[in-house]
Amino acid sequence: MGIIILFAWERIILDNGLTVIYEQDTTFPVVSVQLWYRVGSAYEYPGITGISHLLEHMMFRKTKNLDYGEYGERVRELGGEYNGATSYDYTFYYINIAKDRWEEALKLESERMQNLVVDSADFERERKVVLEEYLRGISNPLGKFYREFNYLLYLNHPYRHPIIGYRSDIENISWREVYEHYEKFYSPFNAVLVIVGDVERNEMLEAVKEYFGHIRKKPPGKIRIPEGEEGGERRMFIRESVPYRKIAMGFPVPTRGDPDYTPCLLLSYILSGERGYLKKHIKEFDVSAYLNRRKFKPALIVTATFDEKISYGHAESLILTVLSSLPDSLTPRMLKRAKEKAITDIYSMSSSPFMRANFLGYLECTGHVEDGDTLLGQIEKTKIEDIKRVIEKYIKRERMAVLTMGREP
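In terms of my numbering, the sequence shown opens at residue 905 and continues consecutively.
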């Protein structure tokens, strides 16, 4: 049992390996049922990029006991809402539903975990939908910008591949490969079932065992994600007919389990926002910063958009100058404000059963739910010296990836 921000959660592991994260919340007469699978685009490689996203689409189509589109119809008839999403590190599905209908959500997710049907004709229809989504993305200059930035930032890591995949892979992945991906990764051993809402523990556990306890699938086995070195300074320019110029600068930082992670997180809060250090010291153009919080290789990213009259070199030089001035300008007030913003964001992740379940699922799939407790403690303990240390250690020109975009280099 652990405590995170006013609430108590419990982890239960069934005999078949399924991890269940449960938390009772009687604030609203609703329950959020979420099923998270530890697989996303980081588990892919050239030839099958986008396969996790394709599978997500197929999960809403047909099972042995649910006809085409029947899953969505059932949820809507029950007054619930549903969706799914594929990320770099995970794929998750959710149903938010009234407390007296929540077991129906379990039935539906149990059915999808064990009885998905992928046939060639239906798969071809869904492939076209995904290709249209892909084409919309690459026709958007900003979408292309961030896609290329990932490719530059992660030289030797699968994070460089877009979640939606490359066009050639989307066009050539077979329906059999998608089904094999489902059989390999959509097993109890590789899943986290999160239940948050107005349901008693004993009732919850009995229902979970009834609908999921009998499912027997092989675990996916040992999966190796390439570590990949970030490399030295690297740059790229992309030409787009846009009436502005844009720059992104990325600095790899340690993962969540490293002592330097929390200072890097707080650094991103010090830099970002309307009252942040970057906007306070850069008035010529719009600038922001964030930590991308990836499971395996996070990065601190600074982006700026500016007029064509401003050169890329000037924008980059100004940003680096401001970043290098921060260690000598840090004050206890700045750190206090960053801590308050970080803790407020964590609180906001618990504003409803859905948000709470989403937060718990994310923590468990990218580490452990206990990381929430740890993070709060580390935020409180972080000192100005820690922020200075990580700036000097990680925010270096020789470690950065720089992408620029505009009409002319």
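Glycine residues also receive a C-beta, built at the ideal position from the N, C-alpha and C atoms. Keep in mind the model is a prediction, meaning the values are calculated, not measured.
Practice prompt. Kindly list the residues whose CB is nearer than 6 angstroms to the CB of Pro1124, restricted to its own chain and excluding five residues on each side of it in sequence; keep chain order.
Written response: Within the same chain, Pro1124 has close Cβ partners Lys1088, Phe1089 and Asn1094.
Worksheet item: In three-state terms, what does DSSP make of Leu910?
Response: For Leu910, the predicted structure reports a pLDDT of 47, less than 50, and the residue's modelled location is therefore unreliable. A value from the coordinates is still provided. In the structure shown, the three-state DSSP call for Leu910 is coil.
Practice prompt. Apply the 10 Å Cβ neighbour rule to Met1140 and answer buried if 16 or more other Cβ atoms are within range, or exposed otherwise.
Written response: Looking at its Cβ environment, which holds fewer than 16 other Cβ atoms inside 10 Å, Met1140 is exposed.
Discussion item. Strictly by DSSP, which residues pair up with Leu1097?
Written reply: Under DSSP, Leu1097 shares a beta bridge with Val924 and Leu939.
Worksheet item: Asn1262 by DSSP, collapsed to three states: which one?
Response: Correct three-state label for Asn1262: helix.
Worksheet item: Which class does Gly1276 belong to by DSSP, given the choice of helix, strand or coil?
Response: Gly1276 falls in the helix class under three-state DSSP.
Worksheet item: Between Ile1186 and Phe1210, what straight-line distance do the alpha-carbon atoms span, to the nearest angstrom?
Response: When rounded, the distance between both Cα atoms is 11 angstroms.
Worksheet entry | Inter-residue CB distance, Ser991 and Ile1067 (contact presumed, cutoff 8 angstroms) | Going by Cβ atoms, the distance from Ser991 to Ile1067 rounds to 7 angstroms, so yes, they are a contact pair.
Worksheet item: Hey, out of Thr1235, Arg1016 and Thr1286, whose CA is closest to His961's CA?
Response: Comparing Cα positions, the closest option is Arg1016.
Worksheet item: How long is the line joining the alpha carbons of Ala1242 and Leu1171, rounded to whole angstroms?
Response: Counting only the Cα atoms, Leu1171 lies some 8 angstroms from Ala1242.
Discussion item. As a quick exercise: from Asp1162, Thr1207, Asn1000 and Leu1109, pick the residue whose alpha carbon is nearest that of Asp1290.
Written reply: The shortest C-alpha separation from Asp1290 is found at Asp1162.
Worksheet item: If Gly944 and Tyr975 are in contact, beta carbons under 8 angstroms, what's the gap, nearest whole angstrom?
Response: Rounded to whole angstroms, the Cβ separation of Gly944 and Tyr975 is 21 angstroms, and the two are not in contact under 8 angstroms.
Discussion item. Under 8 angstroms: do the segment 1277-1294 and the segment 1224-1234 share three or more Cβ pairs, one atom per stretch?
Written reply: Enough Cβ pairs lie closer than 8 angstroms, so yes.
Item to complete: For Gly881, name the three-state secondary structure that DSSP assigns.
Response: Since the first and last residues shown for the chain are 905 and 1313, residue 881 lies out of range.
Practice prompt. Assign Leu1307 to one of three DSSP states: helix, strand, or coil.
Written response: Here DSSP, grouped into helix, strand and coil, assigns Leu1307 to strand.
Practice prompt. Would you kindly report the start and end of the unbroken beta strand (DSSP E) that includes Ala1246?
Written response: For Ala1246, no beta strand (DSSP E) segment is defined; the enclosing uninterrupted segment is the alpha helix (DSSP H) at Pro1236 to Ser1252.
Worksheet item: What is the DSSP secondary structure of Met962, reduced to helix, strand or coil?
Response: In this structure, Met962 counts as helix in the three-state DSSP scheme.
Worksheet entry | First through last residue of the alpha helix (DSSP H) which encompasses Gly1041 | Counting along the chain, the alpha helix (DSSP H) containing Gly1041 begins and ends at Ser1024 to Ser1043.
Worksheet entry | Beta-carbon contacts of Pro1202 that lie in its chain and below 8 angstroms, excluding the five residues immediately before and after | Shown here for Pro1202: same chain residues with a beta carbon closer than 8 angstroms to its own, the five before and five after excluded, namely Pro1156, Val1157, Pro1158, Thr1159, Arg1160, Tyr1165, Cys1168, Leu1195 and Asn1196 in chain order.
Discussion item. I believe Ile1119 touches Asn969 by the beta-carbon criterion, under 8 angstroms. Please report the beta-carbon distance rounded to the nearest angstrom.
Written reply: Taking C-beta atoms under 8 angstroms as the contact rule, Ile1119 and Asn969 fail to qualify, at a distance of about 14 angstroms.
Worksheet entry | Limits of the unbroken beta strand (DSSP E) element including Glu985 | It spans Glu985 to Thr990 - the beta strand (DSSP E) in which Glu985 sits, taken as one unbroken run.
Worksheet item: Quick one: what's got a C-beta closer than 7 angstroms to Ala946's C-beta in the same chain, skipping five residues either side?
Response: Tyr992, Asp993, Pro1062, Tyr1063, Ile1129 and Phe1200, listed in sequence order.
Worksheet item: Which term fits Ala912, buried or exposed, when burial requires 16 or more other beta carbons within 10 angstroms of its beta carbon?
Response: It is exposed - the Cβ of Ala912 has fewer than 16 other Cβ atoms within 10 Å.
Fill in: Ile1151 burial status per 10 Å Cβ neighbour count (16 or more: buried)
Ile1151 should be labelled buried.
Item to complete: Can you give me the start and stop residues for the beta strand (DSSP E) that Leu1204 sits inside?
Response: Counting along the chain, the beta strand (DSSP E) containing Leu1204 begins and ends at Ala1203 to Phe1210.
Worksheet item: Just how far apart, CA to CA, sit Val1191 and His1218?
Response: Going by the C-alpha atoms only, they are around 13 angstroms apart.
Worksheet item: For Gly1101 versus Ser936, is the C-beta spacing smaller than 8 angstroms?
Response: In terms of Cβ geometry, Gly1101 and Ser936 form a close pair [threshold 8 angstroms].
Fill in: Best match in Ile1174, Arg1005, Lys1213 and Lys1184 for proximity to Lys1240 [C-alpha to C-alpha]
It is Ile1174 whose Cα lies nearest to the Cα of Lys1240.
Practice prompt. Return helix, strand or coil for Ile1142, following the three-state DSSP convention.
Written response: Residue state, collapsed to three classes: strand.
Worksheet item: Roughly how many angstroms lie between the CA atoms of Thr931 and Asn987, to the nearest whole one?
Response: The alpha-carbon atoms of Thr931 and Asn987 are separated by roughly 23 angstroms.
Practice prompt. Decide if the segment 996-1014 is in contact with the segment 1047-1054; the criterion is three or more beta carbon pairs, one per stretch, under 8 angstroms apart.
Written response: The answer is no - the segment 1047-1054 does not touch the segment 996-1014, with fewer than three Cβ pairs under 8 angstroms.
Worksheet entry | Residue span of the alpha helix (DSSP H) that contains Ser1072, given as start and end | Annotation for Ser1072: the continuous alpha helix (DSSP H) segment containing it runs Arg1071 to Asn1076.
Item to complete: Alpha carbon to alpha carbon, how far is Ile1247 from Val924? Give it in angstroms, no decimals.
Response: A straight line joining the alpha-carbon of Val924 with that of Ile1247 spans about 26 angstroms.
Fill in: Beta-carbon gap between Met1304 and Arg1149 smaller than 8 angstroms
In this structure, the beta-carbon distance from Met1304 to Arg1149 does not fall below 8 angstroms.
Practice prompt. Label Leu1039 either buried or exposed according to how many other C-beta atoms from any shown protein chain fall within 10 Å of its C-beta, with 16 as the threshold for buried.
Written response: It is exposed - the Cβ of Leu1039 has fewer than 16 other Cβ atoms within 10 Å.
Worksheet item: How long is the line joining the alpha carbons of Glu1030 and Val1226, rounded to whole angstroms?
Response: Taking the straight line from one Cα to the other gives about 48 angstroms.
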